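Chains as they are written, first to last, in the numbering used here: chain V, 1 to 563; chain P, 1001 to 1563.
There are 2 protein chains.
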Amino acid sequence: MSEPTETKPTQEQKPVAPVAPAADGQEELNPDGTPLSDNQKKKRAKQAEKERLKAEKAAKVQQQEAQRQADEVDFASQNYGELPLNQSQERHGRTYASLEDVKAENDGKDIFFSARIQTSRTPSAKFVFLTLRHAFFCVQAVLAQAPEKVSKQMVKWAATLPSESIVQVQGTISKVSKPIESSTVTNKDAEIKVSKIFLVSKVAPSAPQPFYVDDATRSEAEIEASQSTDRPMPGIPMDLRLDNRILDLRTTTNQAIFRVQHGISKLFREYLEQREFVEIHTPKLQGAATESGASVFKVSYFKGNAFLAQSPQLHKQMAIAADFGKVYEIGPVFRAEDSNTPRHMTEFMGLDLEMAFDEHYHEVLELLGDLFLFIFRELPKRYSKEIATVRKQFPSDDFLVPDKLVRLEFPEAVKMLREAGQELGDYDDLSTEQERVLGKIVREKYQSDFFMLDKFPMAVRPFYTMPDPKDENYSNSYDFFMRGQEIMSGAQRVHDADLLVKQMAKVGISEESMQHYVEGFRMGCPPHAGGGIGLERVLMFFLGITNIRRTSMFPRDPKRLAP
Amino acid sequence: MSEPTETKPTQEQKPVAPVAPAADGQEELNPDGTPLSDNQKKKRAKQAEKERLKAEKAAKVQQQEAQRQADEVDFASQNYGELPLNQSQERHGRTYASLEDVKAENDGKDIFFSARIQTSRTPSAKFVFLTLRHAFFCVQAVLAQAPEKVSKQMVKWAATLPSESIVQVQGTISKVSKPIESSTVTNKDAEIKVSKIFLVSKVAPSAPQPFYVDDATRSEAEIEASQSTDRPMPGIPMDLRLDNRILDLRTTTNQAIFRVQHGISKLFREYLEQREFVEIHTPKLQGAATESGASVFKVSYFKGNAFLAQSPQLHKQMAIAADFGKVYEIGPVFRAEDSNTPRHMTEFMGLDLEMAFDEHYHEVLELLGDLFLFIFRELPKRYSKEIATVRKQFPSDDFLVPDKLVRLEFPEAVKMLREAGQELGDYDDLSTEQERVLGKIVREKYQSDFFMLDKFPMAVRPFYTMPDPKDENYSNSYDFFMRGQEIMSGAQRVHDADLLVKQMAKVGISEESMQHYVEGFRMGCPPHAGGGIGLERVLMFFLGITNIRRTSMFPRDPKRLAP
């Protein structure tokens, strides 16, 4: 298992010249029996002294060599090395711990785990300092020479492991006297004293190394502050990150972001399933470019063409006409819009729902509002560690959740905006800037980062929107906002075929082009309303992240189809 | 609210000819004072009698007319009629009941609900028999004339409502003395006595009526048996159903099928989330046609092309290389295969998972097997009513779930098949027929409709499959089967870049064409395994349904892109 140790041939000791031993107390004689002359005696004494010194030196060399040999046998060879390619040969059933366990209260406990090497530092031949990362935890670890346990060779080997290598580690959790300073280490009050370390997966010498995960984890503020020091830190540009997304996704921040993303869809489902919604899957391949031809991708479909669904709108309504009552879908939506902004992608995840109601579309509006309150209240409870991890790199204020739903009607919002100096007509749609301003006004007035804007002008909504019964300039439709940005659009839909055809005609859509959709209503359909939520947008605004690409695992935009 | 009642003008009573009144006891005289002749007296008496009869008749007509008028005022006008188009004007907050409540134990209780009219029958002017359907329940209801409650007009109006109209009904649950015979009524021991009925959504006269939902709900056996009777029932061909899928989906059977579909994905998630899997969403738009160019759809992407992902294989592995550890995805997969069979669709739902393991890919294989046992055991517990509803139309045996996972190795399966008379080479893939035969052998031997076939020959598996460490003719890969048909394919994947590139080269795939994927492994990747499950196939084989189109809400195949 260990690297081959270097063994040199043992140095041969030169033989000492033969001298007849002098018996204690007896005088030394010449071979002919005559006593030695004074000169002879001096010479002999000199030679003896020389040989003694020589022997002494030789003995010392021999002793050193023995020590060196002993060292090179490497008493620690079983404690480190490269594991063979795992092709599933053995099962020991060992339990792997989470790095979350590395904390002061576990001081002295053994731990066994696998992790990536995030950074490696070797201040002397006797130590290696590593930071080890797994999921969204990053801990400090020390491998130090120790008699009978950690050999010089072991330290030397560990020091050669490149960052991003995956290692299997045996060690002891050890409380530290003062908090670990590194901004990228997440567990501050304990470290690991490593006793065994094996390489599970190595980083190839030919692997790209566009940046270090450690650097990719730093906040803007930290990078900024470092520029005036002697160790300025590099900022990692967005495109470099996305071009090397696998590496980028390994940061503790990204590990946390996508767990919060999962949290949102999980809470969305949890809330709806408690209310007996049925999950549906509607086709992404469509026979016609329906809702709005301009922003639809065309697909070669055998000898003809198909189009990618730009939302499940038509089919989720068909599911209502088909009596499913309350439906939801989580699926990709495709938009062929050539928008290169921090808010647009060509493919994103839609959280869609549609619901037949009994009396009033506010039954649906209120359910949707309550659904969001549920998500906003549960996320900080269930994902507190993940949110805290994200905030280290992307500091943001807590998302203000109101006690009671805030619902504004459109004319009210227009009035508030005009009072704030914005100019807009009664039936104009809001600009992105006006949405932001409105978000700020609502935040101050209601202490809420979330509100619902109801009763949009009919003119700015799609043909399938139900007009307001009292004033046909308005409609039974709504948008929801987080931090002043739209995250959901919804409405009561027209469920009467004649009215629908009339509204389609106004925008130049023929009944024939949407035959099945219209037929669904001719065959009877309950009144219904719903909404479409952008998953990445909810995630982005909840965490206060400014580019939507950070909230999509492998984002797609007009210029990016890889990785 | 009620239909305008017909009012005719009151019949005028003709004036009687003037006769001088005879004072009591005084003889009647001629105008000249002479007494009346006998002849005159007789004539007068005759005329008087005639007028008396005439007046009597007139009074009777008058009385009848008054009665008729009283009838036409319609004492029940508040109890029925067409509701205005629901544009959300009022909120009463009434609670709508489920048709599930219509059962003998609720005898005498009031019920208020909305439902579709499935069938309507009017044996006399005094009754309408309706079957009313909501979700996967269908009940019998009677509207019968009753003094002061249900008028003749009300019965007449209700009788005109076409099937598939949506009505709001107030009534009383009433136990029936013997089970309701109709095969399409689901609640057999009680019916509803209707006291109020309003039309919520009408079926347009121009609506297509390709078939009745009632007929679309019958089993093959019932249709077959009816052919020799005087009321043969129509079978509804698959294409007619799919062309009118909204109508077809309304059958209690389809309402149940898609609730069981939801159950499968819900249980899939529930199991994986308990084990800390992270839900991911990988892009369906790909820059290159990677896994196998032949079966990939091409998309026009701005000035270039994109391709639709034929599975999340590459990206879910990238998520493992990016340290997400255990991931799952539920999303559409696209196959541009021109296969027109009952088992193929061009778009279907993939339940995918991928997992870094510690020591052996059997950790993943066993988790997957256990996941299926969980699904198979929970479905009949949580969806017993839905499964029973489906079986009325599609009778099938209970799906046999083993106590202990059945895992065969490939050479063992080859041996069993040869013993059963099948011919195949050691390293040949199994034919569909051989899979069925193997399914039967396993069912008999292990009393199980589910088994795992492990250690497939390397030659029949994709390039990213890890070879068996002891015999490179085999691989660490597996398929799972239900009722002798494949529902999942999986394997340990090659996580070493050099081995991967070698295996890619063997099948003629260049490293450049899959640069990001290979780089993920060069940058270090834990050993991992996973699998891809076809949702519709699991649903189909669990319920014993023979055409996969029945298990997809809006199926897509080479010839079908609508509705």
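Heads up, the beta-carbon is just placed ideally off N, CA and C, and yes, glycines get one too.
In this text the structure is predicted, and so the values were computed from the model without any measurement.
Per-residue DSSP class, three states only, for residue i
i	result
L351 of chain V	strand
H92 of chain V	coil
P21 of chain V	With a pLDDT of 46 at P21 of chain V, under the threshold of 50, the modelled position of this residue cannot be trusted; read the value that follows with caution. In this structure, P21 of chain V counts as coil in the three-state DSSP scheme.
P1555 of chain P	coil
I236 of chain V	coil
L1130 of chain P	strand
F112 of chain V	strand
L1285 of chain P	strand
R493 of chain V	strand
D1468 of chain P	coil
N254 of chain V	helix
R1052 of chain P	helix
Y1080 of chain P	strand
K8 of chain V	Only weak support exists for where K8 of chain V lies, its pLDDT of 40 falling under 50; the value from the coordinates is given anyway. Looking at K8 of chain V - three-state DSSP - the assignment turns out to be coil, as it is neither helix nor strand.
Delimiting residues of the alpha helix (DSSP H) encompassing residue i
i	result
G439 of chain V	432–446
N187 of chain V	Counting along the chain, N187 of chain V falls outside any alpha helix (DSSP H), and DSSP gives it neither H nor E.
P380 of chain V	362–382
Y974 of chain P	Residue 974 of chain P lies beyond the range of chain P shown here (1001 to 1563); nothing can be said about it.
V1414 of chain P	1410–1419
S226 of chain V	220–226
I280 of chain V	Counting along the chain, I280 of chain V falls outside any alpha helix (DSSP H), and DSSP gives it neither H nor E.
Q313 of chain V	313–321
Where the beta strand (DSSP E) containing residue i begins and where it ends
i	result
H1528 of chain P	1528–1534
K1103 of chain P	Per DSSP, K1103 of chain P belongs to no beta strand (DSSP E) and is neither H nor E.
Q515 of chain V	Element bounds for Q515 of chain V: not the beta strand (DSSP E) but the alpha helix (DSSP H), 515–522.
D454 of chain V	450–454
V333 of chain V	326–334
Buried/exposed call for residue i, threshold 16 Cβ in 10 Å
i	result
R1335 of chain P	buried
A1158 of chain P	buried
V1507 of chain P	exposed
R116 of chain V	buried
E90 of chain V	exposed
T1346 of chain P	buried
A125 of chain V	exposed
V1642 of chain P	The requested residue 1642 of chain P is not part of the displayed model; chain P covers only 1001 to 1563.
N1039 of chain P	exposed
S1475 of chain P	buried
Y1328 of chain P	buried
Contact with chain B by residue i, beta-carbon distance below 8 Å
i	result
C1525 of chain P	Within the model displayed, chain B is absent; protein chains V and P are what it includes.
Contact test: residue i Cβ vs the ligand ADP heavy atom, cutoff 7 Å
i	result
Q503 of chain V	Within the structure as shown, the ligand ADP is missing, as the structure has no ligands at all.
Checklist line | Residues, ordered as in the chain, of the region 255–273 of chain V that lie near chain P by beta-carbon distance below 9 Å | finding: Going along the region 255–273 of chain V in chain order, one finds Q255, F258, R259, Q261, H262, S265, K266, R269, E273 with a Cβ nearer than 9 Å to chain P.
Margin query: For the pair the region 515–535 of chain V and the region 1199–1213 of chain P, tell me if three or more CB-CB distances fall below 8 Å.
Written below: The region 515–535 of chain V makes contact with the region 1199–1213 of chain P, as at least three CB pairs between them are under 8 Å.
Notebook entry, point to check: Are the region 111–129 of chain V and the region 161–180 of chain V touching by the rule of at least three beta carbon pairs closer than 8 Å?
Noted result: Enough Cβ pairs lie closer than 8 Å, so yes.
Next item on the list: Pull out every residue of the region 1200–1230 of chain P whose Cβ sits closer than 8 Å to any Cβ of chain V, in chain order.
Entry: Those residues of the region 1200–1230 of chain P that come within reach of chain V (Cβ to Cβ, closer than 8 Å) are V1200, S1201, K1202, V1203, A1204, S1206, A1207, P1208.
Notebook entry, point to check: Listed in chain order, which residues of the region 1352–1369 of chain P have Cβ atoms closer than 9 Å to some Cβ of chain V?
Noted result: Hits within the stretch, in order: A1356, F1357, D1358, E1359, H1360, Y1361, H1362, E1363.
Next item on the list: Report yes or no: do three or more beta-carbon pairs, one from the region 489–500 of chain V and one from the region 460–467 of chain V, lie closer than 8 Å?
Entry: Verdict: yes, contact present.
Note to self: Under 9 Å, CB to CB, which of the residues in the region 241–256 of chain V have a partner in chain P?
What the structure shows: Per Cβ criterion, the list reads D243, N244, R245, I246, L247, D248, L249, R250, N254, Q255.
Margin query: Taking 8 Å as the cut-off, does the region 389–408 of chain V touch the region 532–552 of chain V (at least 3 CB pairs, one atom from each stretch)?
Written below: Here the region 532–552 of chain V lies against the region 389–408 of chain V, with 3 or more beta-carbon pairs under 8 Å apart.
Item checked: Positions along the region 1091–1108 of chain P whose CB lies within less than 9 Å of some CB in chain V -> The region 1091–1108 of chain P vs chain V, Cβ under 9 Å: R1091, H1092, G1093, R1094, T1095, Y1096.
Notebook entry, point to check: Using Cβ-Cβ distances below 7 Å, what residues of the region 56–87 of chain V are close to chain P?
Noted result: From the region 56–87 of chain V, only L85, N86, Q87 have a Cβ closer than 7 Å to chain P.
Notebook entry, point to check: Closer than 7 Å, Cβ to any Cβ of chain P: which residues of the region 528–553 of chain V, in chain order?
Noted result: The region 528–553 of chain V vs chain P, Cβ under 7 Å: M553.
Next item on the list: Scan the region 465–492 of chain V for residues whose Cβ lies nearer than 9 Å to a Cβ of chain P and list them as they occur along the chain.
Entry: If the cut-off is 9 Å between Cβ atoms, the region 465–492 of chain V has M466, P467, D468, P469, K470, N476, Q492 near chain P.
Notebook entry, point to check: So does the region 1231–1249 of chain P actually touch the region 1263–1271 of chain P, counting three or more Cβ pairs closer than 8 Å?
Noted result: Under the three-pair Cβ rule at 8 Å, the region 1231–1249 of chain P does not count as touching the region 1263–1271 of chain P.
Check: For the region 1380–1395 of chain P, which residues have a beta carbon sitting closer than 9 Å to at least one beta carbon of chain V?
Finding: Nothing from the region 1380–1395 of chain P brings a Cβ to less than 9 Å from some Cβ of chain V.
Next item on the list: Inspect the CB distances between the region 1370–1379 of chain P and the region 97–104 of chain V and report whether three or more fall short of 8 Å.
Entry: Taking 8 Å as the limit for Cβ pairs, the verdict is that the region 97–104 of chain V does not touch the region 1370–1379 of chain P.
Check: Taking three-plus beta-carbon pairs below 8 Å as touching, is the region 194–202 of chain V in contact with the region 65–83 of chain V?
Finding: Of all C-beta pairs linking the region 194–202 of chain V to the region 65–83 of chain V, three or more are shorter than 8 Å, placing the two stretches in contact.
Item checked: Cβ contact check for the region 278–290 of chain V and the region 140–157 of chain V: 3 or more pairs under 8 Å -> Contact between the region 278–290 of chain V and the region 140–157 of chain V is absent, because fewer than three Cβ pairs lie under 8 Å.
Note to self: Under 8 Å, with one C-beta from each stretch per pair, do the region 1313–1328 of chain P and the region 1336–1356 of chain P reach the 3-pair mark?
What the structure shows: Result yes; three or more Cβ-Cβ pairs closer than 8 Å.
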